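Below is one structure, written out as structure tokens; the observations come after it.
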Amino acid sequence: MVNDAQLKSPPKSDVHGAIRTDNDVNIDRGVKILEYKGILWTCGLRQICLAALWLPLGALIFCYVTASMFQADDIHETHCKVYNVVPSISAITGISPQRYIWRICIAFHLGPRLLIGSLYYNYHKERNSFIGDEKVRVQANKLGEACYWLNLIELLALTGVTYVSNRENYFVHEKIFIVFMIVALLHMLCRGRVGAIGADSVTPVRTNNIVWTLFYVAVASTVGLVVFFLRHRLLCRPLAFTWFSVCEYILATTNMAFHAIVVRDLPLHHLQVVYPDHKRN
-5 MVNDAQLKSP PKSDVHGAIR TDNDVNIDRG VKILEYKGIL WTCGLRQICL
45 AALWLPLGAL IFCYVTASMF QADDIHETHC KVYNVVPSIS AITGISPQRY
95 IWRICIAFHL GPRLLIGSLY YNYHKERNSF IGDEKVRVQA NKLGEACYWL
145 NLIELLALTG VTYVSNRENY FVHEKIFIVF MIVALLHMLC RGRVGAIGAD
195 SVTPVRTNNI VWTLFYVAVA STVGLVVFFL RHRLLCRPLA FTWFSVCEYI
245 LATTNMAFHA IVVRDLPLHH LQVVYPDHKR N
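When the letters of the sequence shown are read in order and numbered with my numbering, they come out as residues -5 to 275.
Here it is, written out as structure tokens:
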């Protein structure tokens, strides 16, 4: 007698009569599952941008608090040996171990910033396409391209000023910081201009008034930063470096807020990883 375990089930056949094995059925079932996976991963642009904003802001707060508590003598030291209360950003992010926390957060901050720059480029390009006057439309497209390249240069300068510490190479750090300030201001100016151009044909960008406000605050803080730096460097005035540091923190906060307003310009956008539609074996 033959038991049930020795009985072989007949091979499966499709509607056309072709013989199909169990392995073929399993493979086809797997292919069907893959075909229905259109979106593999999705995340709101708002969450990505807010995470990118909190990385440098949180790192800055962490560096300031820990450096003020445990390394006050190091961060308040100046070349003039004058009284100082508020340390500079370069001072609190140039000591160890704070420098490593700051560099890690900036490294993760750069990717979303590149994405935001590309999104704004396409956003301005789409908006400019509705401008009726050809001359104004060409000017708006040039401003949109300028915003893209200024954002890229600003990111490169931010990378340089982060990874070239003032304690390691002050001369290079200072020059990169100057480039960062100038490019950041030009970026704000171009963004405000391209958001308002062609207002007779299309609606201005919804955050354009915020951009101009942040630009004026950044200009005022930059002027104060330069004035107090010269008073500290040339005249060695007490508390001059403190006011320089205050202006530096205002400028940094303004720059972070400027890049965070993308959550209001593009509130419904999502970043998605999509499986391709074509079949794969």
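C-beta: ideal position from N, C-alpha, C; glycine also. These numbers were taken from a predicted model, which means no experiment stands behind them.
- In this structure His118 is buried. Its beta-carbon is surrounded by 16 or more other beta-carbon atoms within 10 angstroms.
- In this structure the segment 34 to 54 touches the segment 263 to 270; the number of beta carbon pairs closer than 8 Å is three or more.
- Cα atoms of Asn135 and Pro91: separation of roughly 44 Å, rounded to the nearest angstrom.
- Nearest to Ala101 by alpha-carbon distance, out of Trp143, Lys169, Ala45, is Ala45.
- Secondary structure of Cys184 (DSSP, three-state): helix.
- Here the segment 220 to 236 lies against the segment 61 to 78, with 3 or more beta-carbon pairs under 8 Å apart.
- The segment 113 to 133 and the segment 146 to 155 do not touch, with fewer than 3 CB-CB distances between them shorter than 8 Å.
- Separation of Cys43 and Arg107 (C-alpha to C-alpha, rounded to the nearest whole angstrom) is 8 Å.
- A distance below 7 Å between beta-carbons, with the five flanking residues on each side excluded, links Val130 to the following residues of its chain, in chain order: Ile191, Gly192.
- Exposed is the label assigned to Val59, since fewer than 16 other Cβ atoms lie within 10 Å of its Cβ.
- Taking 8 Å as the cut-off, the beta carbon of Met182 is found no closer than this to the beta carbon of Phe223.
- Ser215 counts as buried, since no fewer than 16 other beta carbons sit within 10 angstroms of its beta carbon.
- Per the coordinates, the alpha-carbon of Asn145 lies some 27 Å from the alpha-carbon of Trp35.
- Listed in chain order, the alpha helix (DSSP H) elements of length 4 or more contained wholly in the segment 42 to 114 are 66 to 69, 83 to 86.
- By the beta-carbon neighbour count (other beta carbons within 10 angstroms, threshold 16), Asp194 is exposed.
- CA-CA distance, Phe165 to His70, rounds to 20 Å.
- Excluding its 5 nearest sequence neighbours in each direction, Thr201 has C-beta neighbours in its own chain below 6 Å: Ile255, Arg258, Asp259, listed in chain order.
- The beta-carbon distance between Leu180 and Ala212, rounded to whole angstroms, is 11 Å. This is too long to meet the 8 Å contact definition.
- Put simply, the backbone Cα of Arg161 is about 16 Å away from that of Ala66.
- Phe124 counts as exposed, since fewer than 16 other C-beta atoms from the protein chains shown sit within 10 angstroms of its C-beta.
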